[in-house]
Amino acid sequence: MMNQYIRELEQDPFDPDEFVERMVRRSMQECRLQDDQFDPEMIHDIFTQAIQDLKVLQERQERKCARLEQAVQDEEKIYVAKLAEIMDQHSHCVSVFSTLDERMSRCGGRALDVGEKLGAARAPRARAAAARDLLSHLANFLSPGPVLSDLFSDPNKLNEAADVIQKLYTIAQELPPDKFEVARKKIEAKYDEIERNLIEEFVKAQNQGNMTKMKDIANIMTNFKGYSQCVDAYIETSQMNTLLGKDIFLSVLPLCKKNYNIISNVFPNPDQVMSKFVLNIFHLKLQKYIQTKLADKNDIEKYLRNLYDTYTSTQRVCDELVAANLVSADGNSATGELRREALINGAMAGATEGYPALEIRRLKSILSSSLNAYYVEKQHVKKQIQGGGFQELRRDLQAVIGTRANINIAQIENYGGETFLSEQLVQRMLNDAKTSFLRCKTLCTSNELPGTAIVLLEVLIQHLLIEHVDYALDLGLQSIPIAEGKSLPQIYFFEIVNQTNTIVKMFGEHFQESVLPCLSSTSKQTECLQRKNAIMEQLENKLDAGLERAIAAIVSWVKLYLQTEQKKTDFKPEGDIDTLASPACTAVVSYLNTVMDKIHDNLDGDNLNAVTLELAVRLHRVIYDHLQNFQFNSAGAMIAICDVKEYRSAACGRGRGRARGGAAPAPAHALFDALHALCNLLLVKPENLHQVCEGETLAELDHSILLNFIQLRADYKSHKLSSFLKGLS
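Just so you know, we're using my numbering here: the sequence shown kicks off at 35 and counts up by one.
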């Protein structure tokens, strides 16, 4: 049990309540009797024994703790004694170290003093020895014959020979020329020879990738006048067999980055060397490549495309070099930094000279070719169309004569409904123009750009808006028919209006996106806007004239058709008949429905409202005047009311959906509502006439209109209707 108590007491964490509970459970199991009864005395004995065992265990643990505490105290005494001994040793070492440091400082001071004295004594001797050696070498050059010296003949002593010859070369420049001319020439010859040898060794080290040797030679060469030749040799060697392939622009940045690391480690002035390295790429490599690519000018389209590609590629390479801090965006002439624009101009080498004229010629050619191909495809030969008042007068005279003589002398050609407008063609032309303006903005100088952009715009206006759109409008105007009796006038001008509006919108977007950016903040922008507005006004005037002529043709045909086809018996039938619209009205309404569908399909917005209103107003006038020519009985009045209802439905769009837009404006409805109310006067009972005339719809009309309409009744005289209207006069 003692071992079990120890195991339970050493549990972590130890819970005394849980310990007591476990003892209770064990005691209960040991004292359980039959019928789940237990012996309390036995439990008491068990707990009493457990308490005694725990006391014994406590005494045993206390004795063990006492022994451990004593052992710790003994070890602590030993540790303290040992630590005191170590501290004494440390104090002794610190004292010895201080003594040694003081002695070393004294020795160092004495050694420095002795060194300075030795150096002061050695420097004159060294200079004297160097001067002696230099004079001995000078004596070799002063003696007649070739220079015989191991220093200048041993290739392994090239660096030492370079140092000597550089000093001799400096001395030779100070010698009197008359007495030492021969020696000076020998020194200069040997100077040039060693300089060449150094450059050859530099190139050899470069090919071997020995940057340490390259750096040593470069440092030596900085004192030679041929140092730039050493730099040129490095550039030529490093750029040899590079920048090859179809697109050499992709290789420029990696090549510059690779060599910048080498140049930084080799040359004492890396920035100047790197500038010369980049300059050589642009002014030699890229310039030669660009000149070769732009050599063929026979195909202007290909040439301009190559010119733009090479220019933008050169710009891109410069931007990459600027981003990599290899080239400055603005440059600094004092430090030799390259300027971005100078690199571009050097690479292009005047390739953009004469560009504006080529771009203008190209745009004229391609737009003209597109137009010609379009008309050839349509099998149409362009006509010389004359405008002006004389042509309009001639057309009007032909209309009058043709109408009265019942013959067609107007010779109107409608081309089968062909509008001679193509959005696809216009889109191609705008794309070509967009390319021209983009290139113009990139390739032109700041002085050339405004003038070139205006000329390009004029070319686009001439071919797109004048030779295509304006020409189609002229054809459309001529194709609008004149009323010719029973033949229905076919109006295709509404389709022309729709296509023209679409094309003008496309041109406006192109103008904003491509033209104006070339003219922003320039005096030419106002001139450009005025030119655009002028051509827009010209097209708008022709559209207005065409719509006016189309409306006139429709209304004239309606008027003429009703005059010839409407019978007097239509409104004065005898007997009981079905109250349906008259045949003449049915034919007119059928035609008007077709016309209105075309108008709604091709016009929208203010144009739609204006045209439908104008047409409705004119139709109302024609129908109103037409009804004045007839007399009406009761049945005829019903037919007239049916006719007006049909006319109103056709002209105002009541009860009919339109593909685009809604019904005619409110004024048109009011006119036909009034006409419908006037027709009711032909039908109402005589005693109700006065009341109807004073109704809401007719009250605002002039009384003479009401009287004139009432007089159209067949029973006006027989029923003495004037007596019912005395209050209206």
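All residues carry an ideal CB built from backbone N, CA and C; glycine is no exception.
- Taking S285 as the centre and dropping the five residues before and after it, the same chain places the C-beta of L277 closer than 6 Å to its C-beta, in chain order.
- Ranked by Cα distance from V307, the first of L328, Y268 and Y345 is Y268.
- Contact check for T613 and A700: beta-carbon distance about 29 Å, past the 8 Å limit, so the pair fails to qualify.
- In this structure, C264 sits away from I282, with a CB-CB distance that is not shorter than 9 Å.
- If you draw a straight line from the Cα of R140 to the Cα of Q123, it comes to about 26 Å.
- Taking Q240 as the centre and dropping the five residues before and after it, the same chain places the C-beta of M248, Y268 and T271 closer than 7 Å to its C-beta, in chain order.
- With respect to A618, K601 sits close: the two C-beta atoms are nearer than 9 Å.
- Burial of Y294 is indicated by the presence of at least 16 other C-beta atoms within 10 angstroms of its C-beta.
- Assignment of beta-bridge partners to F666 by DSSP yields R747.
- Of Q413, V148 and L741, the smallest CA-CA separation from H724 is found for L741.
- Cβ-Cβ separation between D330 and Y337: approximately 7 Å, consistent with a contact (criterion under 8 Å).
- In the three-state DSSP reduction, S521 falls in the strand class (E or B).
- Under the Cβ criterion (8 Å, minimum of three pairs), the stretch 623–643 counts as touching the stretch 524–534.
- Distance from the Cα of M255 is smallest, within the candidate group P288, N303, K280 and M274, for N303.
- About 7 Å separates the beta carbons of G580 and L507, which is inside the 8 Å limit, making them a contact pair.
- Membership of F541 in the alpha helix (DSSP H) is indicated by the continuous run F527 to H544.
- Within the stretch 253–337, no run of beta strand (DSSP E) at least 3 residues long lies entirely inside it.
- By the neighbour-count criterion, in which 16 or more other beta carbons inside 10 Å mark a residue as buried, F48 falls on the exposed side.
- Per the C-alpha coordinates, the member of E229, C290 and A671 positioned closest to A357 is C290.
- DSSP, read as helix, strand or coil, puts S362 in strand.
- With a threshold of 16 other beta carbon atoms within 10 Å, A118 falls short and is exposed.
- Straight through space, the alpha carbons of A115 and E109 are spaced by roughly 10 Å.
- Nearest Cα to S616 within the set H634, L596 and D635: L596.
- Between S555 and the set V503, L232, A105 and L483, the nearest pair of CA atoms involves L483.
- DSSP places K558 in the uninterrupted alpha helix (DSSP H) bounded by K558 to E599.
- Following the DSSP letters along the chain, one finds L499 in no alpha helix (DSSP H), marked with neither H nor E.
- Between the alpha carbons of I516 and E447 lies a gap of roughly 11 Å.
- In this model, E393 and C474 are separated by some 8 Å (Cα to Cα).
- Going by C-alpha positions, Q38 is about 28 Å away from Q104.
- In terms of CA proximity to E680, H710 leads the group H710, A704, S362 and V651.
- For the options E501, E721, L477 and L459, the alpha carbon positioned closest to that of T536 is the one of L459.
- With contacts defined by Cβ atoms closer than 9 Å, T476 and T346 form a contacting pair.
- As DSSP reads the structure, R373 sits in a beta bridge with S362.
- Residue environment: G384 is assigned as exposed (fewer than 16 neighbouring CB atoms within 10 Å of its CB, all protein chains considered).
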